[in-house]
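One structure below.
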Amino acid sequence: MKRFLGKYLGAFLIIALFTFFDLTSASGAATVPYTQDNTNPNKYYFVANFYYDIWKRSNGTWTSDGSPDTTKTMSWDYSYTFPDRKITKVDVHAFNENEDLPVNKASGLTGAEQVYETSRYGEMWTNARANVSTSYTTRMTNSPSYGADTVNFGVSATGLLTARTRWLDITSTGGGDLANGVEGRRYFFPSLVTIELEPEIGTAHIKYFNANTGASLNGVDGFHNKEETGVVKKSAV
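Using the working numbering, the letters of the sequence shown correspond one by one to residues -13 to 223.
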């Protein structure tokens, strides 16, 4: 009987593991694939790929937005939503490709690289890192209000406008009538965002059956079907 009950509860507790969450940012709506922590089923990772653009005029001077090989401080406002879950903590720091986060990963990848590729819809970190700043830090600029399914916070990055290999050329995005010599460059500042959620509250519907015949045992020999509400304890898969 206990063996049957264990199987029943196991099936119930696993249902929620394959939920996809929507991410809504202040600059628009998007759906981001999160990666679940293997040791804490209420912790999720994703990479926010912040970037900054600078432009060179046709006379060779740079606009007030900045110039190559200088340090720039940038900021963004974000709002993240996990439907029907309470957010309890957010952490943001510069992406470190060597950080071995405790997640399921493909052979040859660090945990951080796996989170990057999942977050960026399969874009390989080995390709993306060419356009990343050689030196930068990121941090949250305020203390968010937690306890709801949406959290709002600001992120600031201070970094060098120098790419590891080469900046991304965005000149073509400026339109078709650009003067000769005009040039647009984009530098990336990827950041690891960690979000922790309050443990889920779930309802287990417990029913008792005869293991041989399948007949209900509700009301027989002290067995009574019931519902139990509490924290859903589940393992990451």
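All C-beta atoms in this analysis are idealised placements derived from N, C-alpha and C, irrespective of residue type, glycine included.
None of the values given here were measured: they were computed from a predicted structure.
Legend entry - Whole-angstrom C-beta distance between residue 143 and residue 127, which should lie under 8 Å: Indexing the sequence shown from 1 puts residue 127 at position 141. Indexing the sequence shown from 1 puts residue 143 at position 157. Between residue 127 and residue 143 the beta-carbon gap is near 10 Å, outside 8 Å, which marks them as no contact.
Inset, instruction - Specify, as a first and last residue, the run of the beta strand (DSSP E) that residue 206 falls within. - result: In the sequence shown, the residue the question calls residue 206 occupies position 220. Careful: residue 206 lies outside any beta strand (DSSP E) and carries neither H nor E.
Inset, instruction - Can you tell me which of the three DSSP states residue 228 falls into? - result: Coverage of the chain is limited to positions -13 through 223, which leaves residue 228 absent and any answer about it impossible.
Inset, instruction - List the residues that DSSP assigns as beta-bridge partners of residue 134. - result: Sequence index remark: in the sequence shown, residue 134 carries index 148 (1-based). Paired residue(s): none; residue 134 is not in a bridge.
Legend entry - Contact the stretch 42 to 52 vs the stretch 84 to 101: 3+ CB pairs below 8 Å: Cβ pair count under 8 Å is below three, so no.
Inset, instruction - Between the Cα of residue 28 and those of 154, 94 and 182, spot the shortest distance and give me the residue it belongs to. - result: For the purposes of this step, residue 28 is taken as residue 42 along the sequence shown, with counting starting at 1. Checking every option, the nearest Cα to that of residue 28 belongs to 182.
Legend entry - Inter-residue spacing [alpha-carbon to alpha-carbon] between residue 4 and residue 121: Within the sequence shown, numbered from 1, the residue matching residue 4 stands at position 18. Within the sequence shown, numbered from 1, the residue matching residue 121 stands at position 135. Reliability fails at residue 4, whose pLDDT of 27 lies under 50, so the model's placement of it is uncertain and no value is given.
Inset, instruction - Would you give the residue range spanned by the alpha helix (DSSP H) that residue 233 belongs to? - result: Residue coverage of the chain in this structure runs from -13 to 223, which leaves residue 233 outside it and unanswerable.
Legend entry - DSSP-derived helix/strand/coil call for residue 170: Indexing the sequence shown from 1 puts residue 170 at position 184. It is a strand residue.
Legend entry - CA nearest to the CA of residue 151, picked from 116, 141, 165 and 129: What you label residue 151 is simply residue 165 of the sequence shown in a count that begins at 1. Measuring from the Cα of residue 151, the nearest candidate turns out to be 116.
Legend entry - Simplified DSSP state of residue 159, which is helix, strand or coil: Looking up residue 159 in the sequence shown gives position 173. Taken through DSSP and simplified to helix, strand or coil, residue 159 comes out as helix.
Inset, instruction - Give the range of the beta strand (DSSP E) segment to which residue 80 is assigned. - result: Here the question's residue 80 lines up with position 94 in the sequence shown. For residue 80, the uninterrupted beta strand (DSSP E) run begins and ends at 73 to 80, by DSSP.
Legend entry - Extent of the continuous beta strand (DSSP E) run through residue 36: Against the sequence shown, residue 36 aligns to sequence position 50. Where residue 36 is concerned, the enclosing beta strand (DSSP E) stretches over 29 to 42.
Legend entry - DSSP bridge partner residues for residue 109 (one or two, in chain order): Here the question's residue 109 lines up with position 123 in the sequence shown. For residue 109, which the question treats as bridged, DSSP gives no partner whatsoever.
Legend entry - residue 124: first and last residue of the uninterrupted beta strand (DSSP E) it sits in: Taking the sequence shown and counting its residues from 1, the one referred to as residue 124 is at position 138. From DSSP, the beta strand (DSSP E) with residue 124 extends over 122 to 126.
Inset, instruction - Tell me residue 87's beta-bridge partners as DSSP assigns them. - result: Indexing the sequence shown from 1 puts residue 87 at position 101. Looking at the DSSP output, residue 87 shares a beta bridge with no other residue.
Legend entry - For residue 141: DSSP bridge partner residues: Your numbering for residue 141 matches position 155 in the sequence shown. In the DSSP output, where bridge partners are listed per residue, residue 141 has 62 and 126.
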